[in-house]
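**Student:**
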Amino acid sequence: MSSPSFAIGIAGGTGAGKTTVARTVSETVGEAVTRIPLDNYYKDLSHLAFEEREQVNYDHPSAFEWDLLREQLEALLAGRSIEMPQYDFEAHNRTDDRVTVEPSEILVLEGILSLYDEEIRDLLDLRVYVMTDADVRILRRIERDVIERGRDLKGVIDQYLETVKPMHEQFVAPTKKQADVIIPEGANRMAMDLLIEKVQAELPDESARPGVDRELSVNGQALD
Ligand SMILES: Nc1ncnc2c1ncn2[C@@H]1O[C@H](COP(=O)(O)OP(=O)(O)O)[C@@H](O)[C@H]1O
Ligand SMILES: O=c1ccn([C@@H]2O[C@H](COP(=O)(O)O)[C@@H](O)[C@H]2O)c(=O)[nH]1
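In full-length UniProt numbering, the protein residues as written are 1 to 224.
1) DSSP on G12, reduced to helix/strand/coil?
2) If you check the beta carbons only, do F64 and L109 fall under 8 Å apart?
3) Check for me: the beta strand (DSSP E) holding Q86 runs from which residue to which?
4) By the three-class DSSP mapping on this structure, what secondary structure does I147 have?
5) Round the Cβ separation of I183 and V130 to the nearest angstrom and send it over; I've been treating them as touching at under 8 Å.
6) Can you give me the start and stop residues for the alpha helix (DSSP H) that T95 sits inside?
7) Rounded to whole angstroms, what's the CA-CA distance from P103 to V164? Just pull it up for me.
8) For V99, which option in T28, T34, Q170, K176 has the closest C-alpha, if you only look at C-alpha atoms?
9) Counting C-beta neighbours from all protein chains within 10 Å, is the total for G13 16 or more, i.e. buried, or is it exposed?
10) Pull up the distance between the alpha-carbon of E105 and that of P204, whole angstroms please.
11) Can you list, in chain order, the residues of its chain whose CB lies under 8 Å from that of D39, leaving out five sequence neighbours each side?
12) According to DSSP, V218 sits in a beta bridge with which residue or residues?
13) Taking 7 Å as the cut-off, is the C-beta of I112 nearer than that to any heavy atom in ligand 2?
14) Take the Cβ of L161 as the centre, count every other Cβ of all protein chains shown within 10 Å, and call the residue buried at 16 or more, exposed below.
15) Take K154 and list the residues in its own chain whose beta-carbon comes closer than 8 Å to its own, dropping the five residues that flank it on each side.
16) Which residue from K176, G220, I196 puts its Cα closest to that of V21?
17) How many angstroms separate the CA atom of V101 from the CA atom of V181?
18) Can you tell me whether L76 is buried or exposed? The criterion is at least 16 other CB atoms within 10 Å of its CB, across all chains shown.
19) Kindly give me the distance between the Cβ atoms of residue 252 and D125, rounded to whole angstroms, as I take these residues to be in contact under 8 Å.
20) Judging by CA-CA distance, which residue of Q72, A91, A187 is the nearest neighbour of P85?
21) CB-CB under 7 Å to L223, same chain, minus the five flanking residues each way: which ones, in chain order?
22) Can we count G186 as close to ligand 1, meaning its CB is less than 7 Å from some heavy atom?
23) Grab me the residues of V25's own chain with a C-beta within less than 7 Å of its C-beta, minus the 5 sequence neighbours each way, in chain order.
24) Compute every distance between the C-beta of N219 and the non-hydrogen atoms of ligand 1, then say whether any falls below 7 Å.
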């Protein structure tokens with residue numbers, strides 16, 4: 001990689017569609033894009049029992065290891081590789097694995113509080129907030145958490161009411177004001193086209209840019 005990376009932050013409430021937006025950009029543009037899930041920077045809670053980890057407030061800023069994230073983002077931006085931690089949602093804990101991530105032209109940090117920390121925000125060239133109604137988000141979260149994250153319905157609802165919703169209102173939603181761009185309802189065709197065009201415009205080698213006019217889809221359904 002010869003030129004400095006272009007860093008994008010994608011924030012928004014749980015279930016808003018942040019991962020889907022980031023994944024769509026990454027799959028369309030290709031290997032020039034590196035995704036950095038903020039979830040990987042949840043603190044290591046190995047010192048707690050599983051039952052205690054279940055009770056942690058994962059939507060409060062204090063749940064994240066901001067120093068490590070800053071350090072690793074700065075390293076990638078400076079052209080150095082990092083050993084990125086990995087997270088296991090079923091265990092509510094960081095795993096023992098680290099994945100080597102090489103610097104690349106485009107970095108996409110995605111997570112509920114990607115636009116929360118001022119020093120992280122200052123490292124970002126483009127700040128995006130995905131804004132989706134709370135009812136749509138909780139429905140998506142129930143489906144995802146039960147199918148992919150090993151939760152039961154009651155647990156998802158209790159957690160939502162006790163921590164996810166109040167923390168969203170206190171810490172996540174206010175970061176909308178920090179965004180350059182707000183994407184309504186997650187991945188929609190026009191927003192994705194514009195974002196992908198912007199990303200492609202930041203790629204140093206014009207000839208390496210893939211076309212934007214391929215079919216974009218979410219869950220097998222073409223985007224309107
Ligand atoms: N635009 C969309 N249309 C329909 N379903 C979507 C859309 N965006 C996301 N989803 C679905 O909603 C769920 C949560 O999306 P995800 O991108 O993981 O949200 P987040 O990362 O903000 O929590 C996933 O199952 C995903 O497939
Ligand atoms: O151990 C954990 C860690 C996080 N969560 C929840 O995950 C979401 C953030 O992920 P999204 O992909 O943006 O939904 C956050 O709201 C936490 O409540 C968890 O349940 N357990």
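By construction, the Cβ of each residue, glycine as well, lies at the ideal position given by its N, Cα and C atoms.
These numbers were taken from a predicted model, which means no experiment stands behind them.
**Tutor:** With the given structure in hand:
1) strand
2) no
3) That run of the beta strand (DSSP E) goes 82–88.
4) helix
5) 5 Å
6) First-last for T95: 93–101, but that is the beta strand (DSSP E), not the alpha helix (DSSP H).
7) 33 Å
8) Checking every option, the nearest Cα to that of V99 belongs to T34.
9) Counting Cβ neighbours within 10 Å, G13 comes out buried, since at least 16 surround it.
10) 8 Å
11) Y87, F89, G111
12) In the DSSP output, where bridge partners are listed per residue, V218 has Q221.
13) True, at least one ligand heavy atom lies under 7 Å from that Cβ.
14) That one is exposed.
15) none
16) I196
17) 27 Å
18) L76 counts as buried, since no fewer than 16 other beta carbons sit within 10 angstroms of its beta carbon.
19) Here the chain covers residues 1 to 224 and nothing more, so residue 252 does not appear.
20) Q72
21) A187, N188, R189, M192, L216, S217
22) yes
23) V33, V108, L195, I196, V199
24) yes
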